[in-house]
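I have placed the structure first, in the form of structure tokens, so that the comments after it can refer back to it.
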Amino acid sequence: MVTTIDQDSYEQNNSVPPSDRLDLESFMETEENERLLPPVLLQYWHTMLRWRLVLISIIVASLVAGVVVTLLMPRNYTAKTQIEINRQQKKVTNVQSLDATENTQDLEFYATQYALLKSTSLADRISKKLHLVDRPEFFSAEGWKMADSRDDRERDAMKLLLDNVSVEPVKTSRLVDVSYTSRSPQLSMEIANTWAHEFIGATTDREFESTAQAREFLEGRLVGLRQKLEQSEQMAVTYASKNNIISLETQRSESGRTQSGKTLTASDLDLLNTALIAARADRIAAASRAMPGRADVGADVLTNPAIGTMKERRAEVAAEYARVLTQFEPGYPTARALKEQIDELDVSIAKDTNRFTAERKQSYAEALAREKDLERQFNAAKALFDVQNMSTIQYNIFQRDADTNRQLYDGLLQRYKEIAEAGDVGASNIAIVDRALVPILPSSPKLILNLGLALVAGIALASIAVLALEQIDEGIRSPSDIWTLLKLPLLGNVPLIEGDIREELSDSKSILTEAYLSIRSNLAFSTNHGLPRSIAVTSAQPNEGKTTSALAMAEIIGRTGKTVVLVDGDMRNPSIHHMLDLTNTSGLSNLLAGDEDVAVHARETSRRGMSVLTAGPLPPNPAELLSSERISLVIERLLAIYDHVVIDAPPVLGLADAPLICRAVEGSVFVAEPGRSPVRGIRSALQRLKLVGSHIFGVVITKIDNKSNQQYGYNYGYGYGYGYGSSNYGYGYIYRSEKRPEQNT
13 MVTTIDQDSY EQNNSVPPSD RLDLESFMET EENERLLPPV LLQYWHTMLR WRLVLISIIV
73 ASLVAGVVVT LLMPRNYTAK TQIEINRQQK KVTNVQSLDA TENTQDLEFY ATQYALLKST
133 SLADRISKKL HLVDRPEFFS AEGWKMADSR DDRERDAMKL LLDNVSVEPV KTSRLVDVSY
193 TSRSPQLSME IANTWAHEFI GATTDREFES TAQAREFLEG RLVGLRQKLE QSEQMAVTYA
253 SKNNIISLET QRSESGRTQS GKTLTASDLD LLNTALIAAR ADRIAAASRA MPGRADVGAD
313 VLTNPAIGTM KERRAEVAAE YARVLTQFEP GYPTARALKE QIDELDVSIA KDTNRFTAER
373 KQSYAEALAR EKDLERQFNA AKALFDVQNM STIQYNIFQR DADTNRQLYD GLLQRYKEIA
433 EAGDVGASNI AIVDRALVPI LPSSPKLILN LGLALVAGIA LASIAVLALE QIDEGIRSPS
493 DIWTLLKLPL LGNVPLIEGD IREELSDSKS ILTEAYLSIR SNLAFSTNHG LPRSIAVTSA
553 QPNEGKTTSA LAMAEIIGRT GKTVVLVDGD MRNPSIHHML DLTNTSGLSN LLAGDEDVAV
613 HARETSRRGM SVLTAGPLPP NPAELLSSER ISLVIERLLA IYDHVVIDAP PVLGLADAPL
673 ICRAVEGSVF VAEPGRSPVR GIRSALQRLK LVGSHIFGVV ITKIDNKSNQ QYGYNYGYGY
733 GYGYGSSNYG YGYIYRSEKR PEQNT
């Protein structure tokens, strides 16, 4: 863990051993790697806050433009008629085409109807029906100039009709809304209703033209199909009779195909196959039981009642024999009799066991003979079946040919009867549900819609503008910019104070005092001997808060028990004496001009431990006074009297005074205001200081305005009084807490 130490701990330990300090460059590299990036959304939010006036201006201008355009647009009126389109299959024949049938027939049908509703032929019918070519009000209602040539007017009329008609299917229904829009309400209603009527008429005409030729076509086809059907059926029956193809059952599928069941030969083969499988299974089982050494033989023997009885008897005799042997010798008559009974029982048991084995062998022989007999019959039936199968192939060809001819004939005959009975085309499959009425209110322009579009366009344009401005903005916007852009540590942040700065500095608990107290604490770690003895405070441009920062730092140093002198080094525009209500009759310019008595010109103030050396009379050319060695001599004499010297130096850009002052002090503090000086200007100022050999301790950011949401950075809380000096902000040299834990803040 790495933390800073406060001013009290610093006073107790005025110096920190170099071994306890981190190298600044390595520390900043670590900080750069470990610093968490601010949330992207919060970055965008603060970007919008910075450019909120631009955002609001562009959006408001877009809304105003949307209102103006809406008011200037002509009023259009839309009339709508609603029709119902029923799905009806209209075919001259029921013959299935060679093309694959898709599953989207309904979608294709309705898509076709929608396309027909916007076809050029339908627009031509409507134009001729309403005589639009000869009606000037039609062209004026569309904002179109009427052409002189009739051909041009016909083309223009069809184009206007197709451009202004709208076909919108009602979702999940068979209803379709046909709308027409023009500047004339009456004309919109007339064209919308005519559009529906003419669509029905065009559909009826197409149906009539298709059915007029259907009967003539079908009559010629039926005669030829009847002859082919009779011939194909005769060929199938004759071939089956010659080749002994006898089907046990015959059926017709829903599609009209003849489906033959099993033939007589196939049925016999099936029965033989079943019997052969059973015989083979019996033979395998018998062979398994007849194998020598089978364990299941003993099991069968044990289950036999006779053998079981003999074995029980033998066990009883063996037990009696064993009992007799315990009292007598084996030659004893009773013992010999028992032994003979045991031998007789063993012989009987062995005979019965051998009889079981012989029976199993006999069963195996019978099963094998039955299997071979069935196998011979099966092979004979299979040979006959193979021959018949070859004949069945040709028979099926004849049968399929007959089925195909029958289907074609039945379909054409059915269609022919339907057309003959219907005669003329019947009722149309299209009906008008709601007729169009004269519209009362205009359908366009729509103010709310246009305002919504204008708002979207305004937001888009504003976003583009803000992104462009953000890209060309070179100001400092976040704490990470100090190290990323300037390669310098951030010493601290100073909030914007609206009231009297002197009152804020006099209050030891104010946020301004806490801010500069944190800056002073971080400066104490910028050298290996603690707080620098001579410090110059400068900035790139005027009015960035450098004078206030110099005064505040001097007051904070004086409060810690040290003596400090505040020097007004801005001899072109002195301001320290105004802030402290002092006169400027003598000061730094007198000392630079040759006066040797420093104590005469330095005056004590009411603030603890702080004295002031004002700028003094304005010299003709301050740069000439500062270019000599007198400035270094003056600082040395001040340091002989005071513990610390803080110089309010002039701005760097445009003047030569600041680099001359900064080279004479131990180091300088650079003050910057967010968004004021571009980064290139700050870099130029820092480069001028580095060229004269001035050491820069770090950067102080001033005038951070929280109330107006012009926050310095993202996710950056200031927390004055608590948490200041955190290593998260990169304040130069940091003290290792594990070495001196008693000094942690």
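Using this note's numbering, read the sequence shown as starting at 13 and increasing by one per residue. Glycine is no exception: its CB is placed at the ideal position from the N, C-alpha and C atoms.
Proximity to K558 across E383, D582, G570 and G599 peaks at D582, based on C-alpha coordinates. The three-state secondary structure of D189, taken from DSSP, is strand. Shortest Cα-Cα distance from N505 to any of K141, I488, D512 and A395 involves I488.
Cα atoms of A684 and A77: separation of roughly 41 Å, rounded to the nearest angstrom.
Using a Cβ distance threshold of 7 Å, M201 and A127 do not count as a contacting pair.
The way I'd put it, the segment 585–602 doesn't touch the segment 682–697; fewer than three beta-carbon pairs between them come closer than 8 Å.
Shown here, K92 sits in a strand according to DSSP, grouped into three states. Between the beta-carbon of L234 and that of L424 there is about 5 Å, and that keeps the pair under the 8 Å contact cut. G621 and V712 have their C-alpha atoms some 24 Å from each other.
The segment 567–578 and the segment 663–681 do not touch, with fewer than three beta-carbon pairs separated by less than 8 Å. The three-state secondary structure of V329, taken from DSSP, is helix. Take A214, set aside five residues on each side of it, and the residues of its chain with a beta-carbon closer than 8 Å to its own are L128, S133, L134 and R137, in chain order. Boundaries of the beta strand (DSSP E) harbouring I444: I442 to D446, taken from the DSSP string. In the DSSP assignment, I708 falls within the unbroken beta strand (DSSP E) covering I708 to I716. Here the alpha carbon of T59 sits roughly 8 Å from the alpha carbon of V478. When Cβ pairs closer than 8 Å are counted between the two stretches, the segment 163–174 is seen not to touch the segment 229–247, the count staying below three. About 12 Å separates the CB atoms of A548 and D580; that is not less than 8 Å, and the two are not in contact. Straight across, the Cα-Cα distance linking P686 with R62 is about 11 Å. Distance between L67 and Y56, taken at the CA atoms: about 13 Å. Counting only residues of its own chain and dropping the five nearest sequence neighbours on each side, T575 has a CB closer than 6 Å to the CB of G621, Y654 and D655. No Cβ-Cβ contact shorter than 7 Å links L651 with C674. Residue pairing by DSSP places F682 opposite T550 and V711 in a beta bridge. Between the alpha carbons of I442 and T93 lies a distance of about 13 Å.
Checking the DSSP bridge columns, you'll see D580 partnered with D660. Secondary structure of E510 (DSSP, three-state): coil. Around the CB of L630, fewer than 16 other CB atoms lie within 10 Å, so the residue is classed as exposed. Within the same chain, M583, G628, P629 and P631 come within 6 Å of S601 by CB-CB distance, once the 5 residues on both sides are set aside. Apart from the 5 residues on each side of it in sequence, P148 sits with its Cβ closer than 7 Å to the Cβ of M158 in its chain, given in chain order. In this structure I460 is exposed. Its beta-carbon is surrounded by fewer than 16 other beta-carbon atoms within 10 angstroms.
In this chain, E154 is not harboured by any alpha helix (DSSP H), its DSSP state being neither H nor E. Going by C-alpha positions, R292 is about 13 Å away from S375. Contact between A331 and F340 does not hold, since the beta-carbon distance rounds to 15 Å and is not under 8 Å.
Fully enclosed alpha helix (DSSP H) runs of no fewer than 4 residues occupy 459–484 and 492–498 of the segment 450–503, in order along the chain. For V145, there is no enclosing alpha helix (DSSP H), as DSSP marks it with neither H nor E. Non-local beta-carbon contacts of L337 in its own chain, meaning distances under 7 Å to residues more than five positions away in sequence, involve A347 in chain order. L672 sits away from A552, with the two beta carbons spaced by 7 Å or more.
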